[in-house]
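First comes the structure, then the notes that go with it.
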Amino acid sequence: MSEFTSNSLLVVGAFFYFAGTVGLLRFPDVYTRLHALAKADNLGLGCVLAGLALQALETDGLAAALKLLLIWPLALAASAAVSYAIAQRAAALGVRPWQKGDE
Amino acid sequence: MKPLTVFWRGVSFALLWWVLAEGRMDGWWVGLCGVAAATWASLRLSPPRAGRLRAVPLLRFLAFFLWNSVRGGWQVARLALRPRLDLAPTTLDLAVMLPAGGARQLMLNTLSLMPGTVGVGLDDATLRLHVLDSRLPVAREARALEAHIARLFEVAP
Chain A
0 MSEFTSNSLL
10 VVGAFFYFAG
20 TVGLLRFPDV
30 YTRLHALAKA
40 DNLGLGCVLA
50 GLALQALETD
60 GLAAALKLLL
70 IWPLALAASA
80 AVSYAIAQRA
90 AALGVRPWQK
100 GDE
Chain B
0 MKPLTVFWRG
10 VSFALLWWVL
20 AEGRMDGWWV
30 GLCGVAAATW
40 ASLRLSPPRA
50 GRLRAVPLLR
60 FLAFFLWNSV
70 RGGWQVARLA
80 LRPRLDLAPT
90 TLDLAVMLPA
100 GGARQLMLNT
110 LSLMPGTVGV
120 GLDDATLRLH
130 VLDSRLPVAR
140 EARALEAHIA
150 RLFEVAP
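Chains as they are written, first to last, in numbering that gives the first Met the number 0: chain A, 0 to 102; chain B, 0 to 156.
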């Protein structure tokens, strides 16, 4: 049962990583690409870590599982700060957000 | 300084060491030095404040955040995988009512992980957001987030 849950979480995580990468490639400008990275990839990371933590709980114990889960808030904080830094810099350089109807 | 604050911070750092060492106890004296140093540094850099983060609003905020990051990820995944790309991005200026400092920073950073928004700029009390799709109810959700953070920091929004 735990193995099934763990595998499902890993597959769902891979799906979100895939969608985030597709978004990164298809979205039209820097701002919209940040949406794909900041949201889809982080959710993918959360799912993958939850799946791995379930496996670690069985083989390596509680501390190892918690260590994996600890990665998520750290990566989230870094990702939020980096998205803001990139978006702010792009705006300061005068990069105009893509609008509907632009090429 | 309240001894209780020192105690709880020490316990938290000890727990963190235990997690980082994956439960092994053979290097316990290195951990002990690390815990002592971390407790000292945390008391120096972030002295106990009068208004603490309270447990119930914190749990409610975490639940709200978790649910919304799932929604945000799902939404952007759906938009990315749609056969015909259908985006209507826009920017939105929002007056923030939270006080400057930690509360405002938390709002800015959390918004980048919530459905449809990425923070682009913050001057004084105006938050500029990039919105992925103008059809999304972004302003209302940002207000909900603001109310959560206000309760968390015990400030009037």
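Each residue gets a CB set at the ideal place from its N, CA and C atoms; glycine is no exception.
Alpha-carbon spacing of residue i relative to residue j, whole angstroms
i: G120 (chain B); j: S133 (chain B); result: 18 Å
i: W71 (chain A); j: A79 (chain B); result: 23 Å
i: S1 (chain A); j: C46 (chain A); result: 14 Å
i: W73 (chain B); j: A39 (chain A); result: 7 Å
i: A90 (chain A); j: T90 (chain B); result: 11 Å
i: G53 (chain B); j: K99 (chain A); result: Note on identity: in this sequence residue 53 (chain B) is Arg, with Gly being the wrong assignment. In a straight line, the C-alpha of R53 (chain B) is about 44 Å away from that of K99 (chain A).
i: G33 (chain B); j: A13 (chain A); result: 36 Å
i: L65 (chain A); j: D101 (chain A); result: 46 Å
i: L144 (chain B); j: S78 (chain A); result: 19 Å
i: D25 (chain B); j: L15 (chain B); result: 16 Å
i: L126 (chain B); j: A80 (chain A); result: 15 Å
i: N6 (chain A); j: G22 (chain B); result: 25 Å
i: S45 (chain B); j: W66 (chain B); result: 30 Å
i: Q87 (chain A); j: V94 (chain A); result: 10 Å
i: G30 (chain B); j: G50 (chain A); result: 28 Å
i: Y16 (chain A); j: S68 (chain B); result: 14 Å
i: A99 (chain B); j: L56 (chain A); result: 41 Å
i: A40 (chain B); j: W17 (chain B); result: 19 Å
i: T20 (chain A); j: R142 (chain B); result: 30 Å
Residue i at chain A interface by Cβ criterion, 7 Å
i: V130 (chain B); result: no
i: P88 (chain B); result: yes
i: N67 (chain B); result: no
i: S41 (chain B); result: no
i: E145 (chain B); result: no
i: S111 (chain B); result: yes
i: V75 (chain B); result: yes
i: A62 (chain B); result: no
i: W27 (chain B); result: no
i: E21 (chain B); result: yes
Three-state secondary structure (DSSP) of residue i
i: R77 (chain B); result: helix
i: V207 (chain B); result: In this structure chain B extends from 0 to 156, so residue 207 (chain B) is not present and cannot be described.
i: A35 (chain A); result: helix
i: G118 (chain B); result: strand
i: V130 (chain B); result: strand
i: L91 (chain B); result: strand
Sequence-distant residues of its chain with Cβ nearer than 7 Å to residue i (five each side left out)
i: L75 (chain A); result: N41
i: L48 (chain A); result: L67, L68, I70 and W71
i: L107 (chain B); result: G118, L121 and L126
Integer-rounded CB distance, given that residue j should sit under 8 Å from residue i
i: L42 (chain B); j: V5 (chain B); result: 7 Å
i: V137 (chain B); j: G115 (chain B); result: 5 Å
i: T4 (chain A); j: W97 (chain A); result: The Cβ separation is near 40 Å, so there is no contact.
i: G71 (chain B); j: L135 (chain B); result: G71 (chain B) to L135 (chain B), Cβ: 10 Å. No contact.
i: G22 (chain A); j: A35 (chain A); result: 3 Å
i: L128 (chain B); j: L93 (chain B); result: 6 Å
i: I85 (chain A); j: L53 (chain A); result: In fact, because the Cβ distance is near 33 Å, the residues do not count as touching under 8 Å.
Residue-chain proximity (residue i, chain B), Cβ-Cβ < 7 Å
i: S82 (chain A); result: yes
i: P96 (chain A); result: yes
i: T103 (chain A); result: This structure cannot settle anything about residue 103 (chain A), because the visible part of chain A is limited to 0 through 102.
i: G93 (chain A); result: no
i: G60 (chain A); result: yes
i: L42 (chain A); result: yes
i: L56 (chain A); result: no
Contacting residues, own chain, Cβ-Cβ under 6 Å from residue i (five flanking each side not counted)
i: F60 (chain B); result: H147 and L151
i: R83 (chain B); result: none
Contacting residues, own chain, Cβ-Cβ under 8 Å from residue i (five flanking each side not counted)
i: L97 (chain B); result: R103, M106, E145, I148, A149, F152, V154 and P156
* Interface positions of the stretch 13-35 of chain A facing chain C (Cβ-Cβ less than 9 Å), listed along the chain -> Included in the structure are the protein chains A and B, with no chain C among them.
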